[in-house]
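Read in order, the letters of the sequence shown correspond to residues 1 to 154 in this note's numbering.
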Amino acid sequence: MKKSLTLLVLAMGMLSACHPSEESLEKVLKTELEWKAQLSEDEYAVLRLKGTERAFTGDFHDSKKPGVYLCKACQLPVFDAQTKFDSGTGWPSFYKPVKDKYVISLPDTTYGMSRTEIVCARCDSHLGHVFNDGPRPTGLRYCINSLSLSFKAE
Ligand SMILES: [Zn+2]
C-alpha cells in the first residue's frame, strides 16, 4: 500500500514537472498526527495552529534570491521571488501569489483585529495575512511566515 502510494506521488510529481505552470489543487488531507510527524514543532505551530513567527527571525524575511516559495506542508508554489519586496516588517512580503487560486483568503477576527488570513489552497495550511498597504501593481501586501515556506532557487 505504502509503496503504491509512493509511486503515485512520484508519477504525480513527474506530471507536474511537465506542466510547471499548472499544479493540481486536489485537497491534501492529513490527520493532525500525520502533520505533526512531517513538520517541525515550530512549523506545525504556524502552519496548522495558525501561529505567527517572531518578526525578523525567519529564514526568508530579507532574502532576495531568485526562485519560488512553496507551501512547506504540501509544496504548492505559492509565491515567486519576483513579487517579493522589502516591507520592513520582518516577514517575507509579496504583492501577489503565483496564481490567485493557489491561496485562499479567510476573514480573521482573532486578537480583536479584523484581518484577512491566507491559507494554502491545496492543504489549508496557514501561510500568513494579506493587507491593503502593499506596493503597485496590486496594492496588496501578503505578509507570510518563513516557517510556512520552502524555497526552490532558480
Ligand atoms: Zn499547502
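Backbone N, C-alpha and C fix where the C-beta goes; we use that ideal spot for every residue, glycine too.
> Which residue from Gly88, Ser93, Arg136 puts its Cα closest to that of Ser148?
Replying inline: Ser93
> Quick one: what's got a C-beta closer than 6 Å to Lys99's C-beta in the same chain, skipping five residues either side?
Replying inline: none
>> Any heavy atom of ligand 1 inside 6 Å of the beta-carbon of Ala73?
In response: yes
> Where Gly112 and Leu49 are concerned, what is the direct C-alpha to C-alpha distance, given to the nearest angstrom?
Replying inline: 18 Å
> Say the cut is 6 Å; is the CB of Cys143 nearer than that to a heavy atom of ligand 1?
Replying inline: no
> Is any heavy atom of ligand 1 found at a distance shorter than 6 Å from the C-beta of Ser40?
Replying inline: no
> Rounded to a whole number of angstroms, what is the C-alpha to C-alpha distance between Trp91 and Pro97?
Replying inline: 15 Å
>> Pairs of beta-carbons, one from the segment 131–141 and one from the segment 67–82, closer than 8 Å: are there three or more?
In response: no
> Are the segment 81–90 and the segment 36–49 touching, with three or more C-beta to C-beta distances below 8 Å?
Replying inline: no
>> For a test of the three-state rule: what should DSSP assign to Val98, helix, strand or coil?
In response: coil
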